[in-house]
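Residue 148 in full-length UniProt numbering sits at position 148 of the sequence shown, with consecutive numbering throughout. The C-beta atom is built at its ideal place from N, Cα and C for all residues, glycine as well.
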Amino acid sequence: MTTPETTQSPPAGRTWRNYFPDGDLWVFGYGSLIWKPPPHYDQRVPGYIDGYVRRFWQVYIADNRSTDHRGTPEAPGRVVTVIERGFWETLDDPHAHLESSTARVWGAAYHIPASHAEEVHDYLDEREIDGYTVHYTPFIPYLPSPHPPSPRPRDGCGAGDTAHAAPITCMVYIGQPSNPQFLRDPARREPQDVAEVISCGRGQSGKNTEYLYLLEKALEGLGLGSADMHVTDLVRRVKAIESTEEATAEQAAAERDVKESLEASWAEAHRDSQIE
Numbered sequence: 001m002t003t004p005e006t007t008q009s010p011p012a013g014r015t016w017r018n019y020f021p022d023g024d025l026w027v028f029g030y031g032s033l034i035w036k037p038p039p040h041y042d043q044r045v046p047g048y049i050d051g052y053v054r055r056f057w058q059v060y061i062a063d064n065r066s067t068d069h070r071g072t073p074e075a076p077g078r079v080v081t082v083i084e085r086g087f088w089e090t091l092d093d094p095h096a097h098l099e100s101s102t103a104r105v106w107g108a109a110y111h112i113p114a115s116h117a118e119e120v121h122d123y124l125d126e127r128e129i130d131g132y133t134v135h136y137t138p139f140i141p142y143l144p145s146p147h148p149p150s151p152r153p154r155d156g157c158g159a160g161d162t163a164h165a166a167p168i169t170c171m172v173y174i175g176q177p178s179n180p181q182f183l184r185d186p187a188r189r190e191p192q193d194v195a196e197v198i199s200c201g202r203g204q205s206g207k208n209t210e211y212l213y214l215l216e217k218a219l220e221g222l223g224l225g226s227a228d229m230h231v232t233d234l235v236r237r238v239k240a241i242e243s244t245e246e247a248t249a250e251q252a253a254a255e256r257d258v259k260e261s262l263e264a265s266w267a268e269a270h271r272d273s274q275i276e
C-alpha cells in the first residue's frame, strides 16, 4: 500500500513547485471536484489515494468568498473531507465496519498545464477556503484498458491506458481534524445526525442533499469499485427522511447534472488547448 506523505503548505508561501518542478500541476478531487472540475485541465484520470477515509465530517459555513453554498451560518451544512487512516482509527466512528482494509478513497485527478498552474492554484485556494489546507499525496490511476498509456492523452482517460499506472504525486485539499469546521463532537458525527442535517440544509447554491446525491452519482461514474459505503449509507438515510418522489427526482437530476457538468468542463478545457 502506498504510504501517504502529506505536507501542509506553510502560511508564508506555496510549496507546490517543490513537488512539480516542471511547473505543471496534478490536483486530486474526492468531493465536488469530481463533478465540478477546475478550469484549464487537459487530463482527467479516475483513481484513488491510499491510507485515508472519506467522511461528511466537515461543517459547511457559507463564506462570501466561497463558490458553493450548501448551508448558512445559522444552519451550516455538511461536506466531505478525508482523514488519515491512522488518526481515524483512534476516533469513534459508527461506520467503521463499512471500511475495507485497503483504505482507498476514490476520486479524479486533473492535470493542469504549466501555463495555467498558478491561476488554477489561486482558483482552488478560493474555492476550498472553508477549513481546507493544501497537502500532497500519491495518487494511483485506475485506467481499464490493458494497453500502454499515451504520454499526454488529450481526451482524459480511456483507450490506451493501463489498469494501474505508476503513482502520481497530487495536490489535495484536506479539512484536517484541527481545522475549526471539523466535527469534533462524536454525537454530531453519528450517521443519522449527519443525514438529518443534510436533509434540511440549504444555501445560496442549493440544497445540501444535492451535494450528497451529486457525489453519489459522480462516484458511480468513475467505474467499478469506486463506491463509498459511507456515502451510500447516508444516501439511504436521507432518502428515508425525504419523500420517495422528492428523493427520486433529486437523484435523477444529480445524475444528469454530473454528466452535463463534466461535458461542459471538458469542452471548455478543450477550447483552451486549441487556442493555445
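Straight through space, the alpha carbons of ILE129 and TYR60 are spaced by roughly 11 Å. With contacts defined as CB atoms closer than 8 Å, GLN43 and GLN181 fail to qualify as a contacting pair.
A direct Cα-Cα distance of roughly 40 Å separates ALA249 from ASP24. With a contact defined as Cβ atoms closer than 8 Å, HIS121 and TRP16 qualify at about 6 Å.
In the structure shown, PRO38 falls within a coil segment according to DSSP collapsed to helix, strand and coil.
Put simply, of ALA109, SER243, LYS207 and TYR41 the residue whose alpha carbon is nearest the alpha carbon of GLY77 is LYS207. Contact between ARG54 and TYR30 holds: their C-beta atoms lie close to 6 Å from each other, under 8 Å. Cβ contact annotation for ILE241 (same chain, cutoff 7 Å, sequence separation greater than five): ALA195, GLU196 and SER199, in chain order. Here ILE174 is bridged, per DSSP, to THR133. Assigned with DSSP and collapsed to three states, ALA166 falls in coil, not helix or strand.
For ARG236, there is no enclosing beta strand (DSSP E); the residue is found in the alpha helix (DSSP H) stretching over 229 to 241. Linking SER100 to ASP125 through their CA atoms gives a straight-line distance of about 32 Å. In the three-state reduction of the DSSP assignment, PRO186 falls in the helix class.
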